[in-house]
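A.B. asks:
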Amino acid sequence: MRIIYIGYWNNKDNMYPDFPLPVEKESKDNSEAIKQLKFIMENSQEKFCKGASTCRCCGNSNGTSEFVYQDKNTKYIIPSGYMHYLDSHGVKPSPYINEIYQKAFVKFQRVGKYFSNK
Ligand SMILES: [Zn+2]
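The numbers in our numbering rise by one with no breaks, and the one at position 103 of the sequence shown is 1049.
#1: Only counting the same chain, and skipping five residues up and downstream in sequence, which positions put a Cβ closer than 6 angstroms to that of Ser-1007?
#2: Please classify Lys-996: does DSSP put it in a helix, a strand, or coil?
#3: Tell me whether Ser-973, by its Cβ, gets closer than 7 angstroms to a heavy atom of ligand 1.
#4: Less than 7 angstroms separating the Cβ of Asn-1008 from some heavy atom of ligand 1?
#5: Please determine if the region 1031 to 1048 and the region 973 to 988 are in contact, where contact requires at least 3 C-beta pairs separated by less than 8 angstroms.
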């Protein structure tokens, strides 16, 4: 199983050196990515974590769960607080968001159409 982490960050104390630091205002318009992320979250499994995450940009409490989307042998893991980085801080969306969205759209739109035609 391949596991891909999206929207996990290092912090100022360098506790998570495998992850980057978020860059604020790198993206001017995240509206498309936010729509896609909503769709992904609606079609993922939500898992609750032990503690709350803290926003690396503004220091506010930022989510206590993560969303797991599985596609064949790949698991994508996205913390619920990722939305806040895209929405409030203009952090550039991971290209994986579009990739997962394309897969999820094909999968779940088909299911939706099947049921609505009945
Ligand atoms: Zn913030």
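Glycine included, every Cβ here is placed at the ideal spot set by N, Cα and C.
Since this is a predicted model, take the numbers as computed values, not measurements.
C.D. replies: Taking the geometry as given:
#1: Ala-998
#2: coil
#3: no
#4: yes
#5: yes
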